[in-house]
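For the sequence shown, counting from 1, position 16 maps to 16 in our numbering; every step adds exactly one.
Glycine included, C-beta positions come from ideal geometry on N, C-alpha and C.
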Amino acid sequence: EHDDANRALMGSNMQRQAVPLLKPEKPLVGTGMEMRVARDSGQVIMSKIDGVVTSVTGDKIIVTNEDGEKFDHSLIKFHRSNQGTCINQRPIVDKGTTVQTGDVLADGSSTDNGELALGQNVLVAFMTWEGYNFEDAIILSSRLIKEDKFTSVHIEKHEVEARDTKLGPEEITRDIPNIGEDSLRNLDEEGIIRVGAEVSNRDILVGKITPKGETELSAEEKLLRAIFGEKARDVKDSSLYVPHGQGGKVIDVKILDRNNGDDLSPGVNKLVRVWIAHTRKITEGDKMAGRHGNKGVIAKILPEEDMPFLPDGTPVDIILNPIGVPSRMNLGQVLETHLG
């Protein structure tokens, strides 16, 4: 109501792009539509019947009606979505809770208690601080990082295929040339990473060898083969490694094999997919935005003790530039801080 139309449009467009957080928090200052939006998004799980919750686990909620019929509600756990973000549903009911048809049983990735929750409630100061919030930049308190306020889970998918080559088939194996036992410690006997393993930069995910032609032999290898005969196997390491700068925890592995009747593209004998999840904390250079088109890039993260504080000594969480308000005519952001 108090925002300029252009800024309101920016605000709604940026809410579409919000990254799902690890701990969603419903807004203190809402519009009254949060419940409707969350239900219509299909992200939350609603009860199919009237009844009592008889079992709650991490991935399933069972509701029993008066006649003793059980209805299962399955939850999605850490599923990869667009741009590597993560869909994860968490139960919000306890065993023994009485529910009506349409009651929310589990939250989705951007909902809190069945309400839309795209961000966090933080204490905002509109002031300048040594020029660090020049040109819409934002200053954050380290408390938000410490308490994982703006932390999100991301899932990356990696895959490798064993093909038929002119020199023979590629092989997925643990027996890789010139690789020490230390690098193979997280692989199973087939050479595929275990679910639950922590991996980091340049770790092996799937061991794979490719037959190597005579043409590729260097002078030293030719000499070795002349001395030791045919013993040295002509294979090269073509394993799947964790890409540079990535890492995390392996949460799922799928193996598709032509011998098991799986439908693979021509020339491919085996396909292995590995999903790796990792958490990302908010950091300098990330974009943050309010609901009024008030967007900016984080310029500095300050220790809590350096943040400005209220008369009672409470340090603020975030410092925005006051010059970003008058010319853009999005006064909603100021009124929101008054109400919150």
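I'd like to know whether the C-beta atoms of residue i and residue j end up nearer to each other than 8 Å.
i    : j    : result
S183 : I209 : no
K70  : I62  : yes
E25  : D112 : yes
D107 : V153 : no
R202 : V242 : yes
E161 : V274 : no
P303 : S142 : yes
I301 : E156 : no
N121 : G340 : yes
L140 : I298 : yes
S47  : D103 : yes
Q15  : R291 : yes
G191 : R163 : no
In this structure, what does DSSP give as the bridge partners for residue i?
i    : result
S141 : L302
W275 : K157 and D252
K374 : Since the displayed the chain opens at 1 and closes at 340, residue 374 lies outside it and no answer follows.
A106 : I45 and P91
S55  : I62
V199 : G248
R80  : C86
G296 : M288
P27  : DSSP, once it has assigned bridges, lists no residue as partnering P27.
F71  : V63
In whole angstroms, what is the alpha-carbon distance linking residue i and residue j?
i    : j    : result
P266 : K166 : 14 Å
I176 : G245 : 23 Å
T57  : K212 : 51 Å
E181 : G261 : 33 Å
D136 : I255 : 48 Å
S218 : I179 : 19 Å
Y132 : T314 : 21 Å
V316 : Q83  : 32 Å
N88  : L21  : 10 Å
L144 : V19  : 16 Å
G68  : G51  : 9 Å
K270 : V334 : 58 Å
A289 : N13  : 11 Å
H79  : D3   : 37 Å
E221 : D188 : 30 Å
Please report the Cβ distance between residue i and residue j, rounded to the nearest whole angstrom; I am assuming they are in contact, meaning their Cβ atoms lie under 8 Å.
i    : j    : result
R328 : V250 : The Cβ separation is near 46 Å, so there is no contact.
E1   : L116 : So it is not a contact: roughly 19 Å between Cβ atoms.
T279 : T85  : About 12 Å separates the two Cβ atoms, so there is no contact after all.
N6   : T128 : That belief does not hold up - the Cβ atoms of N6 and T128 are roughly 25 Å apart, past 8 Å.
G11  : G293 : 4 Å
I138 : G285 : Between G285 and I138 the Cβ distance is about 11 Å, and since that is not below 8 Å, they are no contact.
V206 : I172 : 6 Å
A125 : P311 : Rounded, the Cβ-Cβ distance is 13 Å, inconsistent with contact.
V199 : G248 : 7 Å
Check residue i in the structure and name its three-state DSSP category.
i    : result
D182 : helix
N330 : strand
H338 : helix
D136 : helix
F126 : strand
A344 : Nothing about residue 344 can be read from this structure; the chain reaches only from 1 to 340.
G313 : coil
I204 : strand
E221 : helix
G168 : strand
P211 : strand
D112 : strand
I323 : helix
K236 : strand
L264 : coil
L21  : coil
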